[in-house]
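Down below is the structure, laid out as structure tokens.
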Amino acid sequence: AQSVTQLDSQVPVFEEAPVELRCNYSSSVSVYLFWYVQYPNQGLQLLLKYLSGSTLVKGINGFEAEFNKSQTSFHLRKPSVHISDTAEYFCAVSLPGGYNKLIFGAGTRLAVHP
Amino acid sequence: EAGVVQSPRYKIIEKKQPVAFWCNPISGHNTLYWYLQNLGQGPELLIRYENEEAVDDSQLPKDRFSAERLKGVDSTLKIQPAELGDSAVYLCASSLLTSTDTQYFGPGTRLTVL
């Protein structure tokens, strides 16, 4: 079975500082990897996804993530955050060839302070 | 293009009462998902439809939960009777059929059971 661990439940950061949100996964087979963002009182929105190919994936809003197979990690990064990036971020996995069942981590709350 | 629509956005009921949630997916998306999101947790899949067929309902508590997707478009999720522990956000998502297609989420229905 697959599982996802988001290592930080909360990450406080000042505006314009860089940020990294950590995600590790457990799986005996290859997986697809996703990062979603959830703004207050809204549904989840896809930031980026890794299916295959280049291990560095660029997404929307200036975010990027790097797939590291040996460390089973898929950390999310942004070089300079804005107040508007304050939200909950979820890492998720699914199985290639499966039916697109997402398994989510518990989430990381990013709080950007002025 | 309209996104996934859910109603109501908020619902407060007393325990043992019935409640229903409605979802209208993105036009052309034949796959529809219902997720449960408890406070401080990531979403967990309850049921997945391909067109009008429920292809994975293994996580749906069938003693009190039911769902339908008539004509393969809109879907309704029902709880009868509701319990205190059902207080959560119920998210609907839709996608195309393949395993790599992005799931698009609605804003959710926040249920409070008193």
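In order, the protein sequence lines correspond to chains A and B.
Numbering-wise (my numbering), the first sequence opens with residue -7 and increments by one.
Numbering-wise (my numbering), the second sequence opens with residue 481 and increments by one.
All residues carry an ideal CB built from backbone N, CA and C; glycine is no exception.
Determine which residues share a DSSP beta bridge with leucine 13 of chain A and list them. A/Leu68
So, is glutamate 548 of chain B buried or exposed, given that buried needs 16 or more other C-beta atoms within 10 angstroms? exposed
Note the first and the last residue of the continuous beta strand (DSSP E) segment covering histidine 105 of chain A. 100 to 105
Can a CB atom of chain A be found closer than 8 Å to the CB of serine 575 of chain B? yes
Below 6 Å CB to CB, which residues in the same chain sit around leucine 36 of chain A once its five sequence neighbours on both sides are set aside? Exclusion of the five residues before and after leucine 36 of chain A leaves Tyr28, Gln30 as the residues of its chain whose Cβ lies within less than 6 Å of its Cβ.
With a threshold of 8 Å between beta carbons, is lysine 93 of chain A in contact with chain B? yes
Starting from the beta carbon of glycine 586 of chain B, find every residue of chain A whose beta carbon is closer than 8 Å, and list them in chain order. Gly35
Mind checking whether cysteine 83 of chain A and glutamine -2 of chain A have CB atoms under 8 Å apart? yes
What does DSSP give as the partner residue(s) for tyrosine 28 of chain A in the beta ladder? A/Leu38, A/Phe82
Taking any Cβ of chain A, which residues in the stretch 557 to 571 of chain B have a Cβ under 7 Å from it, in chain order? Residues of the stretch 557 to 571 of chain B whose Cβ lies closer than 7 Å to any Cβ of chain A, in chain order: Leu571.
Could you name the residues that DSSP lists as bridge partners for arginine 590 of chain B? B/Tyr490, B/Val569
Of the residues B/Val553, B/Ala568, B/Pro587, the one placed nearest histidine 509 of chain B, counting alpha carbons only: B/Val553
Of the choices B/Ala500, B/Asp536, B/Val499, B/Gly586, whose alpha-carbon is the least far from that of isoleucine 506 of chain B? B/Gly586
Check for me: the beta strand (DSSP E) holding asparagine 504 of chain B runs from which residue to which? Start and end: 499 to 504.
Against glycine 99 of chain A, what residues of chain B qualify as contacts under a CB-to-CB distance less than 8 Å, listed in chain order? Scanning chain B for C-beta atoms nearer than 8 Å to the C-beta of glycine 99 of chain A yields Gly520, Gln521, Gly522, reported in chain order.
Do the CB positions of threonine 78 of chain A and alanine 57 of chain A come within less than 8 Å of each other? no
Extent of the continuous beta strand (DSSP E) run through glutamate 528 of chain B: Note that residue 528 of chain B is arginine in the sequence shown, not glutamate. Taken as a continuous stretch (DSSP letters only), the beta strand (DSSP E) holding arginine 528 of chain B covers 524 to 530.
Can you list, in chain order, the residues of its chain with a C-beta nearer than 6 Å to that of asparagine 531 of chain B? Leave out the 5 residues immediately preceding and following it. Asn510, Gly552
Let me make sure I understand the geometry here. Which of A/Ser1, A/Ser86, A/Phe26 has the alpha-carbon closest to that of phenylalanine 55 of chain A? A/Phe26
Residue range of the beta strand (DSSP E) that asparagine 60 of chain A falls in? 56 to 60
In DSSP terms, what isoleucine 559 of chain B is bridged to: DSSP, once it has assigned bridges, lists B/Val499, B/Phe545 as partnering isoleucine 559 of chain B.
Closer than 7 Å by C-beta to isoleucine 492 of chain B: which residues in its own chain qualify, once you throw out the five before and the five after it? Chain order, please. Here the set comprises Thr592, Leu594.
Taking Cβ-Cβ distances below 9 Å as the criterion, which residues of the stretch 525 to 539 of chain B are in contact with chain A? Leu525, Arg528, Glu530, Val535, Asp536
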